[in-house]
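Notes to accompany the following structure.
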Amino acid sequence: MLKLTYTDMGLHLERLAQSPEELVARRAILALRMSQNLHLEPSRAAFLLPADLPELPILEAAIRREGKAIALCSVCDDYVEVSLRGMWIAPEVDAHEGIFVAVMSDRLEFLLHKLWQVSQTQVSFLL
Numbered sequence: 711m712l713k714l715t716y717t718d719m720g721l722h723l724e725r726l727a728q729s730p731e732e733l734v735a736r737r738a739i740l741a742l743r744m745s746q747n748l749h750l751e752p753s754r755a756a757f758l759l760p761a762d763l764p765e766l767p768i769l770e771a772a773i774r775r776e777g778k779a780i781a782l783c784s785v786c787d788d789y790v791e792v793s794l795r796g797m798w799i800a801p802e803v804d805a806h807e808g809i810f811v812a813v814m815s816d817r818l819e820f821l822l823h824k825l826w827q828v829s830q831t832q833v834s835f836l837l
């Protein structure tokens, strides 16, 4: 499972071994114990990857073979948008911060996580 955490500081992507059901159950228990709201809804999430990543054609081929919950779209010469189907988990309906989880094949999860990590390394060198 891929877990995308959206905060006011940006996006963090992780690859987790647990199921979405386990994550939601733990979040529900935490919200209950903290007397907080918990909102869940099927949704889509997106993030950008540099268009010049050498492994991008491998990701595109994997998506064509097995990617029902993922789409790639070129947004400009420099970036491609990765769009995922999954579940949005947040404290409120209109929250801009929260967690998005998506399940796909191990190969796609691995490739996306790897490409995201590489893109973050490239960005940190530019700062």
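Start counting the sequence shown at 711; every next residue gets the next number (my numbering).
Even for Gly, the Cβ is constructed at its ideal location relative to N, Cα and C.
Gly-796 sits close to Val-811, with the two beta carbons spaced by under 8 Å.
Counting other Cβ atoms within 10 Å of its Cβ, Met-814 reaches 16 or more and is therefore classed as buried. The straight-line gap separating the alpha-carbon atoms of Glu-819 and Val-828 is approximately 14 Å. Ser-793 has Ala-756, Ala-781 as its beta-bridge partners, per DSSP. In the three-state reduction of the DSSP assignment, Glu-819 falls in the helix class, which pools H, G and I.
Leu-723 places its beta carbon 8 Å or farther from that of Leu-733. Less than 8 Å separates the beta-carbon of His-749 from that of Val-803. The beta-bridge partner set that DSSP reports for Ala-800 consists of His-749. In the DSSP assignment, Val-811 is bridged to Lys-713, Met-797.
For Leu-721, the closest alpha carbon among the candidates Leu-759, Pro-752, Leu-742, Ala-741 is that of Leu-759.
Each residue's CA atom was taken as its position, placing Ala-741 and Ala-735 some 10 Å apart. Check the Cα spacing between Pro-752 and each of Pro-764, Thr-717, Ile-809, Leu-822: the tightest is with Ile-809. Cβ contact annotation for Ile-773 (same chain, cutoff 8 Å, sequence separation greater than five): Ile-780, Ala-781, Leu-782, Leu-818, in chain order.
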